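Right, one structure below, let's go through it.
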Ligand code: SAH
Ligand code: MG
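Take a look at the structure:
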């Protein structure tokens, strides 16, 4: 893909400052995918966390006059729980539970994207059960268990319109680099014949709905 418009400086600064796991190069690639997808329809991400990826997508949606729906129960994945590898003590609330929603809201406000990024607080598959709006993009970056990742693919990939984008994060062809489920979902999407790869950046994959 060719590089298009660049992200507004304020949004880029807010994305870089937000808590999260996405390297800047992947975020900018996500912005590029979002620009392309936003011409087709609204964007949706599974896995809001503290808003970092939502800002890259939000900047793309804002430029096109569309929106990003960002789904998360905001209680963190298995690996974010106390004692686990990706736990962050700043994200624990007064009840001792992980709560990323206040961080998400703050990050989206700092990026000036409150009218563009719509938070949906709940489980991904429960949200999909009543969903019917066709989408320009589905970005899968939620639970990383096989059941969660496959469930997200089954629930959401069908909403990607022709010419739209299915993006998947944490795709590691080499098992030494990370867990299997996102890679398995990526292979499943390619094998379905409904998607073709248009972007590779780090562990981010962009697939176009054919
Ligand atoms: N996209 C974010 C990171 C997401 S981390 C970024 O790059 O900045 C994964 C998130 O998925 C966690 O916040 C976790 O709470 C959420 N999650 C895991 N399983 C989920 C499910 N079944 N439904 C909704 N959210 C889920
Ligand atoms: Mg991720």
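Residue numbers (my numbering): 2 to 211.
Think of the CB as a built atom: it goes at the ideal place given N, C-alpha and C, for glycine as much as any other residue.
Source: prediction; values computed, not measured.
Query raised in the report: Is the beta carbon of residue 68 sitting closer than 8 Å to the one on residue 117?
Result: Taking 8 Å as the Cβ cut-off, residue 68 and residue 117 qualify as a contacting pair.
Report task. Identify which residue in 86, 174, 48 has its Cα closest to the Cα of residue 101. Result -> Relative to residue 101, the option among 86, 174, 48 whose CA is nearest is 48.
**Report entry** 3-residue-minimum beta strand (DSSP E) runs that sit fully inside the region 146-205, ordered along the chain
**Finding:** Taken in chain order, the complete beta strand (DSSP E) segments of 3 residues or longer contained in the region 146-205 are 161-169, 196-202.
**Report entry** Cβ pair count under 8 Å reaching 3, the region 84-99 against the region 55-73
**Finding:** At 8 Å Cβ cutoff, the stretches do not touch.
Query - Contact test: residue 158 Cβ vs the ligand SAH heavy atom, cutoff 7 Å - result: Incorrect: residue 158 has no Cβ contact closer than 7 Å to the ligand SAH.
Report task. Jot down the residue ranges of each uninterrupted beta strand (DSSP E) in the region 76-130, minimum 3 residues, whole runs only, in chain order. Result -> Within the region 76-130, complete beta strand (DSSP E) segments of at least 3 residues are found at 118-122, given in chain order.
Report task. Taking only heavy atoms of the ligand MG into account, decide whether any of them is closer than 7 Å to the Cβ of residue 171. Result -> At least one heavy atom of the ligand MG is nearer than 7 Å to the Cβ of residue 171, so yes.
Query raised in the report: Does DSSP classify residue 210 as helix, strand or coil?
Result: If DSSP states are grouped into helix, strand and coil, residue 210 belongs with the strands.
Report task. Mark residue 201 as exposed unless 16 or more other C-beta atoms lie within 10 angstroms of its C-beta, in which case mark it buried. Result -> Exposure of residue 201 is indicated by the presence of fewer than 16 other C-beta atoms within 10 angstroms of its C-beta.
Requested in this report: State yes or no: is the C-beta of residue 23 nearer than 7 Å to some heavy atom of the ligand SAH?
Outcome: Checking every heavy atom of the ligand SAH against the Cβ of residue 23, one is found closer than 7 Å.
Query raised in the report: Between residue 50 and the ligand SAH, is the CB less than 7 Å from at least one heavy atom?
Result: Yes; taking the cut-off as 7 Å, the Cβ of residue 50 has a heavy atom of the ligand SAH nearer than that.
Query raised in the report: Which class does residue 73 belong to by DSSP, given the choice of helix, strand or coil?
Result: In the structure shown, residue 73 sits in a strand (DSSP, three-state: E or B).
Query raised in the report: Who are the near neighbours of residue 147 in its chain, counting only those whose CB is closer than 6 Å to its CB and skipping five residues on each side?
Result: Counting only residues of its own chain and dropping the five nearest sequence neighbours on each side, residue 147 has a CB closer than 6 Å to the CB of 182.
Query raised in the report: So, are the CB atoms of residue 114 and residue 45 less than 8 Å apart?
Result: Taking C-beta atoms as the reference points, residue 114 and residue 45 fail to come closer than 8 Å.
Query raised in the report: What residues are listed by DSSP as bridge partners for residue 45?
Result: Residue 45 is bridged to 70, 139.
Query raised in the report: Considering only the beta carbon of each residue, do residue 203 and residue 24 sit closer than 8 Å?
Result: Contact flag set, yes.
Query raised in the report: Can we count residue 1 as close to the ligand MG, meaning its CB is less than 7 Å from some heavy atom?
Result: Given a span of 2 to 211 for the chain in the structure shown, any question on residue 1 remains unanswerable.
Requested in this report: Can you have a look at residue 128 and say buried or exposed, based on whether 16 or more other CB atoms are within 10 angstroms of its CB?
Outcome: Buried, since its Cβ has 16 or more Cβ neighbours within 10 Å.
Query raised in the report: Considering only the beta carbon of each residue, do residue 168 and residue 34 sit closer than 8 Å?
Result: The answer is yes: Cβ separation under 8 Å.
Report task. State the Cα-Cα distance for the pair residue 3 and residue 84, rounded to the nearest angstrom. Result -> At residue 3, the pLDDT of 47 sits below 50, so the modelled position is not reliable and the matter cannot be decided from this model.
Query raised in the report: So is residue 174 buried or exposed if we call it buried at 16+ other beta carbons inside 10 Å?
Result: Exposed is the call here.
Query raised in the report: How many whole angstroms separate the CB atoms of residue 216 and residue 172, which I take to be in contact at a CB cut-off of 8 Å?
Result: No answer is possible for residue 216: the residues shown for the chain start at 2 and end at 211.
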